[in-house]
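The sequence shown begins at 1 in the numbering used here and counts up one residue at a time.
From the three backbone atoms N, C-alpha and C, an ideal C-beta is built for every residue, glycine too.
Nothing here was measured: the structure is a model prediction, and the numbers come from that model.
Contents: one structure, followed by commentary.
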Amino acid sequence: MITKESTKLNNLCKKVCYILLNFDGIEKLIQRLTNDKCCAYMSTWLFNHITNIPNFNLKSDDFYSAINNISQNELSKIKNCTLENYKINKSVFNNDQILYEFLEICTIIEKKLKSQDDSKKNIYCKYIKEIFSLYHRIKEKCSSNNSCDKYNELQQFKEKFSISDNLTFIYDKCDYEKTSCKNSSNAEDDVPCLREKGNSFLYQIFGNDAENIINILLKVTTISAPILVLFVILFKVIIFFWKI
Numbered sequence: 001m002i003t004k005e006s007t008k009l010n011n012l013c014k015k016v017c018y019i020l021l022n023f024d025g026i027e028k029l030i031q032r033l034t035n036d037k038c039c040a041y042m043s044t045w046l047f048n049h050i051t052n053i054p055n056f057n058l059k060s061d062d063f064y065s066a067i068n069n070i071s072q073n074e075l076s077k078i079k080n081c082t083l084e085n086y087k088i089n090k091s092v093f094n095n096d097q098i099l100y101e102f103l104e105i106c107t108i109i110e111k112k113l114k115s116q117d118d119s120k121k122n123i124y125c126k127y128i129k130e131i132f133s134l135y136h137r138i139k140e141k142c143s144s145n146n147s148c149d150k151y152n153e154l155q156q157f158k159e160k161f162s163i164s165d166n167l168t169f170i171y172d173k174c175d176y177e178k179t180s181c182k183n184s185s186n187a188e189d190d191v192p193c194l195r196e197k198g199n200s201f202l203y204q205i206f207g208n209d210a211e212n213i214i215n216i217l218l219k220v221t222t223i224s225a226p227i228l229v230l231f232v233i234l235f236k237v238i239i240f241f242w243k244i
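The following block contains the structure:
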């Protein structure tokens, strides 16, 4: 019996095979990437798509086994690559991926903050602030290699954004300062939590708990529109993959 789920899985398999065996549309881009990068991008793209299929867990092992057999075909453009079945909750995967994407594009953001055009500076700065907060939320459940699969990536993030020069650049360009982290580490050698410089009335009362500030304001105001907007910029490194 052909189900909606099996049809989606079959279509996804066809797309993966096309990418592995042809790569006609992105050949020039792939030549600029290492094999490891190609493999990582392909793995995340595939897992993101397969987890959108209901009950994918029931068939994921068989699916990945078949796809990895195809990827070893001599015609495959990605050599020595095993597409990884992360076997984690989709929300956990999304958070990990947002952090990973930030590591990939942080140099681009740095250039944007250095440019004379500051029309979008606040967006980039709020993005950085939220990413740092996300790091601490992930770290609460990822304290060792035994507790999560992305521990090494988390340590890579920590090493990059606990360096004094990198933090000074963010502090200066975004007009931020270090603040205490709620339910997380405040160690000097860790990624800091960020807040706008100055001691505003709201910060004196509520500290860095932005969610609490919003809840209180919504209770005492008649304004129906959202008071604060969370800016999250999702950068897709290989656009071709995400459009398929």
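Query: In this structure, how does DSSP classify T3 when only helix, strand and coil are distinguished?; Result: coil
Query: Grab me the residues of E130's own chain with a C-beta within less than 6 Å of its C-beta, minus the 5 sequence neighbours each way, in chain order.; Result: none
Query: Considering only residues of the same chain and omitting the five flanking positions on each side of F102, which have a CB-CB separation below 7 Å?; Result: I131
Query: Classify I2: buried if its beta carbon has 16 or more other beta carbons within 10 angstroms, exposed otherwise.; Result: exposed
Query: Helix, strand or coil: which one does DSSP assign to L75?; Result: coil
Query: With DSSP as the reference, label K178 as helix, strand or coil.; Result: strand
Query: Enumerate, from N- to C-terminal direction, the unbroken alpha helix (DSSP H) stretches of 4 or more residues contained entirely within the segment 116-199.; Result: 121-139, 151-161, 164-174
Query: Starting from F93, follow the alpha helix (DSSP H) in both directions and report where the run begins and ends.; Result: 90-114
Query: Does DSSP classify I53 as helix, strand or coil?; Result: coil
Query: I need the DSSP call for L58, collapsed to helix, strand or coil.; Result: helix
Query: Can you list, in chain order, the residues of its chain with a C-beta nearer than 8 Å to that of I53? Leave out the 5 residues immediately preceding and following it.; Result: E5, K8, L9, L12
Query: How long is the line joining the alpha carbons of I163 and K87, rounded to whole angstroms?; Result: 32 Å
Query: Determine the direct distance from the alpha carbon of Y171 to that of K197, and round the result to whole angstroms.; Result: 9 Å
Query: Of all the options S147, I138, D189, which has the alpha carbon lying nearest to the alpha carbon of K160?; Result: D189
Query: Find out if the Cβ-Cβ distance for the pair I128, C174 is shorter than 9 Å.; Result: yes
Query: Can the beta-carbon of L83 be found less than 9 Å from the beta-carbon of I138?; Result: no
Query: According to the neighbour-count rule (16 or more other Cβ atoms, all chains shown, within 10 Å of its Cβ), is N85 buried or exposed?; Result: buried
Query: Are the beta-carbon atoms of S71 and L20 separated by less than 9 Å?; Result: yes
Query: From the beta carbon of I2, is the nearest beta carbon of chain C less than 9 Å away?; Result: Going by chain labels, chain C is absent from the structure shown, which holds only one protein chain.
Query: Residues in the same chain with beta-carbon distance under 7 Å from E177, minus the five sequence neighbours each way, listed in chain order, please.; Result: Y171, R195, K197
Query: By the three-class DSSP mapping on this structure, what secondary structure does C81 have?; Result: coil
Query: Taking the straight line between their C-alpha atoms, what separation do you get for Y135 and L154?; Result: 8 Å
Query: Taking only three categories from DSSP, how would you classify Y64?; Result: helix
Query: Could you tell me the distance, in whole angstroms, from the CA atom of C106 to the CA atom of L113?; Result: 11 Å
Query: Is Y18 helix, strand or coil when you go by DSSP?; Result: helix
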